[in-house]
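Working notes, structure below.
In this note's numbering, the protein residues as written are 242 to 413.
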C-alpha cells in the first residue's frame, strides 16, 4: 500500500507543479503585454501652436513660437530616444537621448535653441506646421504611431486626437 501512496503522492505533486507553472507563465505573459503597450496610453500630443502669434517674419523668435506639446500623463518616465514627431508633408524631428518624466510635458519648438527638460528645438530655419491644415504624428522608436493631432480642414485617415490651439492665417 505504501508504494501506491508514493505513486499517488508523486502524481499529485507533479500536477500541482504543472498547474503552478501554467499560472506563472500566464501571469508573466499578461504583465509583459501590459508593459509593452502601456506607454502608448500614457504619451500624447497635448497641444500645438501651429501659427506663431504676430507676423510670420521667419525670425528665430517667430519660429520658436510655433510648437507642439508632448505629454506623459503617467507617473513613470518614458524614454523618447528615437521617437519622431512629423508633419503631414514628412518634415520630421527625432528625439535624441530624451527622457520624459512622469506627469510632465516637453514643448518641441521649430526654431533654434538650447534643449532643456521642458523645451527641445528642431533647429530649423523654416516653419514646419501649416497654419490652415496639418497633422502632427508622434511615433515611437519602432515607428508605431502613438498619437496624432490634426487641425484645419485636414483629418488624418489613421486617427484624430483633437484640435490644436492656434490661430488661422498662413505662412505657407
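The beta-carbon is built from N, C-alpha and C at its ideal position, and this holds for glycine as well.
CB contact flag (residue i, residue j, <8 Å)
{"i": "residue 307", "j": "residue 351", "result": "yes"}
{"i": "residue 361", "j": "residue 341", "result": "no"}
{"i": "residue 335", "j": "residue 354", "result": "no"}
{"i": "residue 328", "j": "residue 369", "result": "yes"}
{"i": "residue 333", "j": "residue 287", "result": "no"}
{"i": "residue 383", "j": "residue 304", "result": "no"}
Min CB distance residue i to chain B below 8 Å
{"i": "residue 381", "result": "Here there is only one protein chain, and chain B is not present."}
From the options, residue whose alpha carbon lies closest to that of residue i
{"i": "residue 283", "options": "367, 354, 392 and 379", "result": "379"}
{"i": "residue 349", "options": "393, 372, 325 and 382", "result": "325"}
{"i": "residue 293", "options": "365, 286, 302 and 332", "result": "302"}
{"i": "residue 414", "options": "309, 304 and 357", "result": "In this structure the chain extends from 242 to 413, so residue 414 is not present and cannot be described."}
{"i": "residue 359", "options": "311, 374 and 372", "result": "311"}
{"i": "residue 392", "options": "374, 385 and 381", "result": "374"}
Identity of the residues DSSP links to residue i by a beta bridge
{"i": "residue 289", "result": "309"}
{"i": "residue 388", "result": "379"}
{"i": "residue 334", "result": "326"}
{"i": "residue 374", "result": "393"}
{"i": "residue 340", "result": "320"}
{"i": "residue 360", "result": "348"}
{"i": "residue 284", "result": "313"}
Assigned secondary structure, residue i (DSSP; H/G/I helix, E/B strand, else coil)
{"i": "residue 321", "result": "coil"}
{"i": "residue 303", "result": "helix"}
{"i": "residue 348", "result": "strand"}
{"i": "residue 268", "result": "In this prediction, residue 268 has a pLDDT of 39, which is less than 50 and means its spatial position is unreliable; what the coordinates show is noted afterwards. Three-state result, residue 268: helix."}
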